[in-house]
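Its first residue numbered 1, the sequence shown is counted upward by one per residue in full-length UniProt numbering. Just so it is clear, CB atoms sit at the ideal spot from N, CA and C, and this is done for glycine as well. The structure displayed is predicted, hence computed values, not measured ones. Reading through the structure tokens given below for one structure.
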Amino acid sequence: MTDAPLEGAPLIAPSSTDHPLYDSVVDACRTVFDPEIPVNIYDLGLIYTVEISGEGEVKVIMTLTAPGCPVAGEMPGWVQDAVASVPGVKDVDVDMVFDPPWGMDMMSDEARLELGFM
């Protein structure tokens, strides 16, 4: 017996895309760059979930391009600082996960174009 998720089940919790702060939080995430890749972490697909409560508490679930990434210890703090600067955000919690693992298919079209994959 396997613990594989049911087909069609979300791998990560859904984002609060209808929250009024969502676009501003995403814009803040786009100010954080992986130092080894000239593309922001949102367009790279490293941000899996942006969950925002009615009280302005933000939970970001993110990953890295590889578990051994040299900035693994620092990047969650960069994301926390960027999101905390958004007016209306009261608290920020950043969780790092490696399941599902990041893949190049998670990049936006803009990131693929910037990196020459399109």
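Return the chain-ordered list of same chain residues with a C-beta closer than 7 Å to the C-beta of residue i, the five sequence neighbours on each side being excluded.
{"i": "HIS19", "result": "ILE52"}
{"i": "residue 150", "result": "In the structure as shown, the chain starts at 1 and stops at 118, and residue 150 therefore has no counterpart that could be examined."}
Residue i: buried (16+ other C-beta within 10 angstroms of its C-beta) or exposed?
{"i": "PRO5", "result": "Summary for PRO5: the model assigns pLDDT 47, below 50, so the residue's position carries little reliability, and this model does not support an answer."}
{"i": "THR2", "result": "For THR2, the predicted model reports a pLDDT of 46, less than 50, meaning its position is unreliable and no value from the coordinates is stated."}
{"i": "SER15", "result": "buried"}
{"i": "ALA28", "result": "buried"}
{"i": "ALA111", "result": "buried"}
{"i": "MET118", "result": "exposed"}
{"i": "MET75", "result": "buried"}
Measure the CB-CB distance between residue i and residue j and report whether it falls below 8 Å.
{"i": "VAL25", "j": "VAL83", "result": "yes"}
{"i": "VAL86", "j": "LEU21", "result": "yes"}
{"i": "TYR48", "j": "ARG30", "result": "no"}
{"i": "MET62", "j": "VAL79", "result": "yes"}
With a threshold of 6 Å on Cβ separation, who are the neighbours of residue i within its own chain once the five nearest residues in sequence on each side are excluded?
{"i": "ALA9", "result": "Because ALA9 carries a pLDDT of 49, less than 50, the predicted location of this residue cannot be relied on, and no value is offered for it."}
{"i": "LYS59", "result": "GLU51, ASP93"}
Between which two residues does the beta strand (DSSP E) holding residue i run?
{"i": "GLU51", "result": "47 to 52"}
{"i": "ILE61", "result": "57 to 62"}
{"i": "VAL92", "result": "91 to 96"}
List the endpoints of the continuous alpha helix (DSSP H) containing residue i.
{"i": "GLU110", "result": "109 to 114"}
{"i": "VAL26", "result": "22 to 29"}
{"i": "TRP78", "result": "75 to 84"}
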